[in-house]
Amino acid sequence: MATPRLRQLRRDKTLFTLAMNAVRLHLEEEDRLAQQPHLHETPDADLLLIHQSIDQWVGLATGYIMRKFRCPAAQAMELLGELQTELKASISMAELRQVPFQQALHLPPAVSAIQQPVEN
794 MATPRLRQLR RDKTLFTLAM NAVRLHLEEE DRLAQQPHLH ETPDADLLLI
844 HQSIDQWVGL ATGYIMRKFR CPAAQAMELL GELQTELKAS ISMAELRQVP
894 FQQALHLPPA VSAIQQPVEN
């Protein structure tokens with residue numbers, strides 16, 4: 794299957810939602826580190842939870858891209874990174890912050906239940 798274009802990725806509602814949650818958590822991480830620089834060296838429990846949640850959303854999004862577009866993990870991660878960069882550049886910070894932090898922080902039980910391990 795041909796490599797998907799960024800526009801194609803952005804139009805995919807499932808992928809858009811997964812990427813937006815990860816982007817929202819990255820903004821929260823940046824805010825906390827700006828307010829509390831010491832967390833760079835010794836992250837607190839809240840920051841560790843944010844990191845864990847980012848990893849979960851990125852893992853889901855990467856797996857989704859791999860399954861839908863039949864591409865290897867490295868390519869899927871690169872595509873997701875490009876999509877996240879594009880979202881940050883094209884959507885206002887105010888709009889990005891409208892994604893509820895608590896919603897982005899935790900995977901809904903339905904999403905957790907259907908999360909499948911990705912095979913290489």
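Using our numbering, read the sequence shown as starting at 794 and increasing by one per residue. C-beta: ideal position from N, C-alpha, C; glycine also.
Contact between the region 879-896 and the region 811-822 is present: three or more C-beta pairs spanning the two stretches fall below 8 Å. Burial state of S846 is buried, judged by a 10 Å Cβ sphere holding 16 or more other Cβ atoms. Separation of L820 and A795 (C-alpha to C-alpha, rounded to the nearest whole angstrom) is 32 Å. Sorting R863, V851, E888 and Q829 by C-alpha distance to the C-alpha of Q877 places V851 at the top. Straight-line spacing of the CA atoms in T810 and A827 works out to 26 Å.
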